[in-house]
Amino acid sequence: MKLVMTSFKMPQETSRSRVAGTTVVHFIVTKEGKLHSPSIVKYVHPDIDEEVLRVVNTLPNFAPALEEGN
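Numbering (the numbering used here), first residue to last: 10 to 79.
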């Protein structure tokens, strides 16, 4: 979350108009820990949503969780 917050840059147009809200992103983490098919589920503003996707696409690979050691 810290990486997302430091990487996100509020688009100028939306910061001037004081657009606010929560963008929700859906994505799949593959067995290799890579993000697959990130998409916006809850929209706020097109410029903000575009920036959110940009930041999500820069996230490093995840360590996939294990279930019962597998």
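Virtual Cβ for every residue (Gly too), placed ideally from N, Cα, C.
Considering only residues of the same chain and omitting the five flanking positions on each side of residue i, which have a CB-CB separation below 8 Å?
i	result
residue 32	49, 51, 52, 53, 57, 58 and 61
residue 47	34, 35, 36, 62, 65 and 66
Alpha carbons only, please: which of the options is nearest the one belonging to residue i?
i	options	result
residue 38	77, 68 and 78	68
residue 18	76, 64 and 45	64
residue 45	66, 22, 20 and 15	66
residue 55	78, 75, 24 and 76	24
Going by beta carbon distance, what residues of the same chain come within less than 7 Å of residue i, once the five residues before and after it are set aside?
i	result
residue 43	70
residue 16	64 and 67
Does residue i have its Cβ less than 8 Å from a Cβ in chain B?
i	result
residue 48	Structure shown: chain B not included; a single protein chain is present.
Considering only residues of the same chain and omitting the five flanking positions on each side of residue i, which have a CB-CB separation below 6 Å?
i	result
residue 30	53
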